[in-house]
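Letter by letter, the sequence shown follows residues 116 to 591 in the numbering used here.
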Amino acid sequence: MAVRTGEEFLAGLRDGRRVWLGGERVADVTAHPELAGFARTLAGVYDLQHDPSLGDLLVMESPTSGEPVSRGYCLPTSMDELLRRREMIEHLSRLTGGTVGRLPEYMATIVAGLYDVRAVLAAENPEYAENVEAYLEHCREGDLSLTHSFADIPRDARIPRDRFNNLRVVEHRDGGVVVDGVKAVASLAPFADEYVALAPNRPGLSSDEIVYFAVPVDTDGLRLYCRRSLAQPTAAGRPLSAGFDEQDCWVVFDRVLVPRARVFYLQRTEVHMGLLQQVLVWAFYHILIRMACKAEALAGIGALAAEYLGREDQATQLQLCELYGYTETLRAFLAAAEQNAVTTDGGHLIPNPTQITLGRIHAVDHHPRILQAVRELSGSGILMAPLPEDLANPEIAAAVEANLVGPDPRTLDRYRVLNLAWEYACDSFGARQLLFEMHNAGAQLRTKQRLAQEYDAEPLKRLARDLADRGRRGGT
Ligand SMILES: Cc1cc2nc3c(=O)[nH]c(=O)nc-3n(C[C@H](O)[C@H](O)[C@H](O)COP(=O)(O)OP(=O)(O)OC[C@H]3O[C@@H](n4cnc5c(N)ncnc54)[C@H](O)[C@@H]3O)c2cc1C
Numbered sequence: 116m117a118v119r120t121g122e123e124f125l126a127g128l129r130d131g132r133r134v135w136l137g138g139e140r141v142a143d144v145t146a147h148p149e150l151a152g153f154a155r156t157l158a159g160v161y162d163l164q165h166d167p168s169l170g171d172l173l174v175m176e177s178p179t180s181g182e183p184v185s186r187g188y189c190l191p192t193s194m195d196e197l198l199r200r201r202e203m204i205e206h207l208s209r210l211t212g213g214t215v216g217r218l219p220e221y222m223a224t225i226v227a228g229l230y231d232v233r234a235v236l237a238a239e240n241p242e243y244a245e246n247v248e249a250y251l252e253h254c255r256e257g258d259l260s261l262t263h264s265f266a267d268i269p270r271d272a273r274i275p276r277d278r279f280n281n282l283r284v285v286e287h288r289d290g291g292v293v294v295d296g297v298k299a300v301a302s303l304a305p306f307a308d309e310y311v312a313l314a315p316n317r318p319g320l321s322s323d324e325i326v327y328f329a330v331p332v333d334t335d336g337l338r339l340y341c342r343r344s345l346a347q348p349t350a351a352g353r354p355l356s357a358g359f360d361e362q363d364c365w366v367v368f369d370r371v372l373v374p375r376a377r378v379f380y381l382q383r384t385e386v387h388m389g390l391l392q393q394v395l396v397w398a399f400y401h402i403l404i405r406m407a408c409k410a411e412a413l414a415g416i417g418a419l420a421a422e423y424l425g426r427e428d429q430a431t432q433l434q435l436c437e438l439y440g441y442t443e444t445l446r447a448f449l450a451a452a453e454q455n456a457v458t459t460d461g462g463h464l465i466p467n468p469t470q471i472t473l474g475r476i477h478a479v480d481h482h483p484r485i486l487q488a489v490r491e492l493s494g495s496g497i498l499m500a501p502l503p504e505d506l507a508n509p510e511i512a513a514a515v516e517a518n519l520v521g522p523d524p525r526t527l528d529r530y531r532v533l534n535l536a537w538e539y540a541c542d543s544f545g546a547r548q549l550l551f552e553m554h555n556a557g558a559q560l561r562t563k564q565r566l567a568q569e570y571d572a573e574p575l576k577r578l579a580r581d582l583a584d585r586g587r588r589g590g591t
């Protein structure tokens, strides 16, 4: 099958999936008032694949069918392919201002990551590698939307772990494995065709918790419990929350049979941690690209806010410097990672993992300050900017015209930008955005610990020793 249309994608979601929102079962995620907006956004992304004006930006020729398929499934072996895929991610990220983390091309990077490590999987069981190869083709040719999760539910570490129902294998059968338990957060899950499980990235796992697999979202025994919706029923004045609430769900498995052909890895805890990092390497790159696009949008908001208010004072310039510096720093990390790209054991080109990790650490650490800069530049207008429904009232519109617009015809443009700023930096949609950046690819603390453990500090230590010796030698 070639790339799907938006309508075909939406039809695939009407499959009787078990989704709950606000305590009630959702009959059809494409029609529910708090889910339909994002379903339409995703359908629009599918339609873009057919837009002739984009040429082959989003699609490539399938290596098996020759049909156009999503470029997200490109397994780069050259710099040109790597950068072409980056352009695709940038294009899609800019459409949503970097607020949607899990468009289908994100998950494609994880399936590609599984494919890249198939030699490691084959060393454990050749069937796993065959399953991953077949799954990549299944997703690529079916143009599927996927969701995934690895993290377990946060819990009191003093209570024995086996008292909690973390997702694990409870039975091995000839036809597959039976899994039972829960995963903490799967973004985009109500809008996915299939669910991909990866094992958690925390220490102290038991072998039955090491399970990588995929199943369709409508599989018997699989339930999705959505968090509260952040979607706004009306798009006017709410450009982000109207269409970009991708949702996050608990995923509950009640003795679900995973067919043997969809099991990708089982059991060995000592292999799993290294494996997970390799599988996610293109996903981490995707996150940094998307965050750079979000940085562009936030810097643009700050620049406009300052311009509309005619502010050229020192405090404003310092805030703008911070916004521009953040954007350029993320771009610099991306460029450095691409320039220092490495070839994996699987034979594919990946951006330098150290620079990608450091870029993500920088992006997440500085994100709250960037939001603060936007708030400061916006002043109280971020709170008070009237919405289109306010302006639809003739009395309020007249008051706005007389008291706020006055001699400045750009005032209504400014309010539109401030309403956008509100969604990024102040309301519940923005709060979830910040949480997403903090946590979506694992706790920042663990990312930093891993970086400190794995960083090649030998050249740095050598330099320090040489300098110290120079002192001992008396400066020669
Ligand atoms: C909006 C959102 C969307 C998400 N989407 C997805 C998704 O699509 N797929 C998916 O797999 N996951 C997703 N996640 C979950 C994410 O993977 C986890 O939140 C992440 O791995 C962190 O795990 P945790 O929440 O259990 O927090 P923890 O690991 O418990 O960390 C919580 C806090 O405790 C700190 N901490 C942890 N361990 C220690 C320690 N030993 N000492 C001191 N401090 C410590 C951390 O630094 C962190 O600040 C999402 C999360 C959010 C918030």
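The beta carbon of each residue, even a glycine, is placed where N, CA and C say it ideally should be. Quick caveat, the model's predicted, so the values are computed rather than measured.
- Taking a C-beta distance under 9 Å as the contact criterion, tyrosine 310 and leucine 261 qualify as a contact pair.
- The three-state reading of DSSP puts alanine 398 in helix, counting H, G and I together.
- Between aspartate 308 and valine 332, the C-beta gap is smaller than 9 Å, which places the two residues in contact.
- Per DSSP, the beta bridge partners of cysteine 341 are Cys364.
- The distance from the Cβ of glycine 291 to that of valine 373 is about 5 Å, consistent with a contact at the 8 Å cut-off.
- DSSP, reduced to helix, strand and coil, places asparagine 508 outside both helices and strands of the structure shown, so it counts as coil.
- Beyond the five residues adjoining it in sequence on each side, leucine 492 comes within less than 6 Å, by CB distance, of Gly417, Ala420, Ala421 and Gln434 in the same chain, given in chain order.
- Of the heavy atoms belonging to ligand 1, none sits nearer than 8 Å to the Cβ of methionine 406.
- In the structure shown, the three-state DSSP call for valine 215 is coil.
- Within the model, the alpha-carbon separation for valine 394 versus isoleucine 511 is close to 55 Å.
- Spanning the alpha carbons of glutamine 564 and threonine 334 requires a straight line of approximately 37 Å.
- Just so you know, the alpha carbons of cysteine 436 and tyrosine 250 end up roughly 46 Å apart.
- Restricting attention to Leu560, Arg525 and Pro522, the CA atom closest to the CA of histidine 477 is found in Leu560.
- If you draw a straight line from the Cα of alanine 244 to the Cα of glutamine 548, it comes to about 35 Å.
- The closest CA to that of glutamate 569, considering only Asp289, Thr472 and Gln429, is found on Thr472.
- No heavy atom of ligand 1 is found nearer than 8 Å to the CB of glycine 131.
- Take arginine 338, set aside five residues on each side of it, and the residues of its chain with a beta-carbon closer than 6 Å to its own are Arg133 and Val367, in chain order.
- Secondary-structure assignment with DSSP links threonine 458 through a beta bridge to Leu464.
- Here DSSP, grouped into helix, strand and coil, assigns threonine 526 to helix.
- Taking the CA atoms as reference points, valine 160 sits about 37 Å from valine 520.
- Not a single heavy atom of ligand 1 lies less than 8 Å from the C-beta of proline 483.
- It is roughly 17 Å from the alpha-carbon of glycine 213 to the alpha-carbon of arginine 484.
- As summarised for the stretch 170-252, the continuous beta strand (DSSP E) elements at least 3 residues long and confined to that stretch are 174-176 and 183-185, given in chain order.
- Counting of Cβ neighbours within 10 angstroms places arginine 490 among the buried residues, the total reaching 16 or more.
- Nearest Cα to glutamate 504 within the set Gln347, Ala351 and Asp581: Ala351.
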